[in-house]
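A.B. asks:
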Amino acid sequence: LTSDIVSVLANNGLVIVSGLALGIDAEAHKIALKNNAITAAVLGSGLNQIYPIFNTKLAQDIIDNDGCLISEYYPDMPALKHHFPIRNRIISGLSLGTLVIEGGLNSGALITTKYALDQNRQISDQEADSIGEAPWEFLSLEATTLFDRLRSENPTVLSQTANIFVGVQTSADKIYIFE
Numbered sequence: 001l002t003s004d005i006v007s008v009l010a011n012n013g014l015v016i017v018s019g020l021a022l023g024i025d026a027e028a029h030k031i032a033l034k035n036n037a038i039t040a041a042v043l044g045s046g047l048n049q050i051y052p053i054f055n056t057k058l059a060q061d062i063i064d065n066d067g068c069l070i071s072e073y074y075p076d077m078p079a080l081k082h083h084f085p086i087r088n089r090i091i092s093g094l095s096l097g098t099l100v101i102e103g104g105l106n107s108g109a110l111i112t113t114k115y116a117l118d119q120n121r122q123i124s125d126q127e128a129d130s131i132g133e134a135p136w137e138f139l140s141l142e143a144t145t146l147f148d149r150l151r152s153e154n155p156t157v158l159s160q161t162a163n164i165f166v167g168v169q170t171s172a173d174k175i176y177i178f179e
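Residue 179, in my numbering, is where the sequence shown stops; the numbers in between run on with no holes.
So this is what it looks like as C-alpha cells:
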C-alpha cells in the first residue's frame, strides 16, 4: 500500500521528503527513486554519519539521482536519540503537507504531524476509501483518536489522500512529505 501511494505522489511530480529511517521512511525514498522522482532525506545526524548505517547505500542513491540529504548538524555529528524528534520540524517545514501511514501516539510520524499543524501545513491520516481499499489499520488506536480530534478541531487536517492534490495542484511548490 505504501508503494501505491508513494508511486502516485511521485508520478504527479511531488518531491518525497522523509527521514531515511528504517521502515516507511526508507521505503518511501526507495519507491520515489524507482519512479524516477526526486526525494530528500532529513537526517538526525551529520552528513558524514548516515544513520542507520544500513541506509548508507540508499543515501548515496538519493544523491546520485538528484535528491538531497539535509542536516542541521556538524558533518561528523553522530545520530543521537533527541535529534530525531527535533529534525521532524524540518521535514514538515519543507513540505506542503504530511501524509501519515503508520505510527503510535509517540511516533515520529505524530511528532511530525504536530509540527505540521504548528506550521499551518496540511496533514492526512490515510483513509482507504479514497482508493477503494478496506480501512487501514496502521495507526494505533491512540493515534487514530488523536487524528479524529485534530480533524474536528482544525480544518487543515485532511482525511483522504485524494485531497492532497487539491492543495498541491494550485501551488508552484510541489513538495510533499511522507512519514
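Note that beta-carbon positions come from the ideal geometry of N, C-alpha and C, so glycine has one too.
What residue range is occupied by the uninterrupted alpha helix (DSSP H) comprising Ser92?
C.D. replies: Segment His83 to Gly93, the alpha helix (DSSP H) holding Ser92.
A.B. asks: For the pair the stretch 37 to 45 and the stretch 71 to 85, tell me if three or more CB-CB distances fall below 8 Å.
C.D. replies: Touching, yes.
A.B. asks: Quick check on Ala26: does DSSP put it in helix, strand or coil?
C.D. replies: The answer is helix: DSSP assigns Ala26 an H, G or I state.
A.B. asks: Got a sec, what are the start and stop residues for the alpha helix (DSSP H) Gly108 sits in?
C.D. replies: Gly108 -> alpha helix (DSSP H) spans Gly108 to Asp118.
A.B. asks: Have a look at the DSSP bridge pairing and note the partners of Thr39.
C.D. replies: BP columns for Thr39 point to Ile16.
A.B. asks: Pick helix, strand or coil for Thr2, following the three-state DSSP scheme.
C.D. replies: Reduced to three states, the DSSP call for Thr2 is helix.
A.B. asks: In whole angstroms, what separates the C-alpha of Val182 from that of Ile91?
C.D. replies: For residue 182 there is no data in the structure shown, the boundaries of the chain being 1 and 179.
A.B. asks: Assuming the contact rule is C-beta atoms closer than 8 Å, Ala28 and Gly67 should be a hit. Round their C-beta distance to whole Å, please.
C.D. replies: The Cβ separation is near 12 Å, so there is no contact.
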